[in-house]
Structure formats: C-alpha cells, structure tokens
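To get the numbering used here, take the position in the sequence shown, counting from 1, and add 532. The C-beta atom is built at its ideal place from N, Cα and C for all residues, glycine as well. Keep in mind it's a predicted model, so treat the numbers as computed, not measured.
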Amino acid sequence: MHVGSDPVPVPKGHLAVYVGQKDGDYKRVLVPVIYINHPLFSELLREAEEEYGFNHPGGITIPCRISEFERVQTRIQQGRVG
C-alpha cells in the first residue's frame, strides 16, 4: 500500500482511514467518528471486512475509488441515507 503524503495528526473526534483499490495508491482520509454508525459508512466497512477480514495489518482500509468515497461523504454530510 502506498499512501500519498505525510500524515497529519488525527484531530479529536476523528479517525484516519485509507481509501483506494489494491492496484493503486491509497489516500489517507480523516473522518468524524460519528460516521461509524451511519448506514452508508457501515456499508463501506462491511466491504472492507469482506475484502481484508479482521486480521488486516495497519489502519482501516476502504476498498473503493476515492471518488466513490467522496460521494458517500457528501451524502452523509447532506443527511441522506440511501
């Protein structure tokens, strides 16, 4: 896994996840912890579990395109569920 830039510290109330596909670069994204219980984010976490299982070294890795993850973030910020 290759991550683009030097990591910035994770602010309180956030967590760092890595977003990308196995054959490409990963982007480190800081997300509010409140996202963890959102149905759209939960679906991404289920996909990560299916792809990597629970014994994955390193941080949480979301196996999707950056653009797809950004669309999910936007939908969460706008209060949409489905």
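By the DSSP assignment, the beta strand (DSSP E) with residue i in it spans what residues?
{"i": "I592", "result": "I592 to I594"}
{"i": "P541", "result": "Segment: none, P541 is in no beta strand (DSSP E) and carries neither H nor E."}
{"i": "R612", "result": "Taken as a continuous stretch (DSSP letters only), R612 belongs to no beta strand (DSSP E), as it is neither H nor E."}
Along the chain, where does the alpha helix (DSSP H) containing residue i start, and where does it finish?
{"i": "Y550", "result": "Per DSSP, Y550 belongs to no alpha helix (DSSP H); it is in the beta strand (DSSP E), H546 to V551."}
What residues match up with residue i in a beta bridge as DSSP calls it?
{"i": "P564", "result": "H546"}
{"i": "K559", "result": "V551"}
Given a threshold of 16 other Cβ atoms within 10 Å of its Cβ, counted over all protein chains shown, does residue i qualify as buried or as exposed?
{"i": "G611", "result": "exposed"}
{"i": "I566", "result": "exposed"}
{"i": "I601", "result": "Note on identity: in this sequence residue 601 is Phe, with Ile being the wrong assignment. Answer is buried; the Cβ neighbour count reaches 16."}
{"i": "E575", "result": "exposed"}
{"i": "V549", "result": "buried"}
{"i": "I594", "result": "buried"}
Can you look up residue i in the DSSP assignment and give me helix, strand or coil?
{"i": "N587", "result": "coil"}
{"i": "R597", "result": "coil"}
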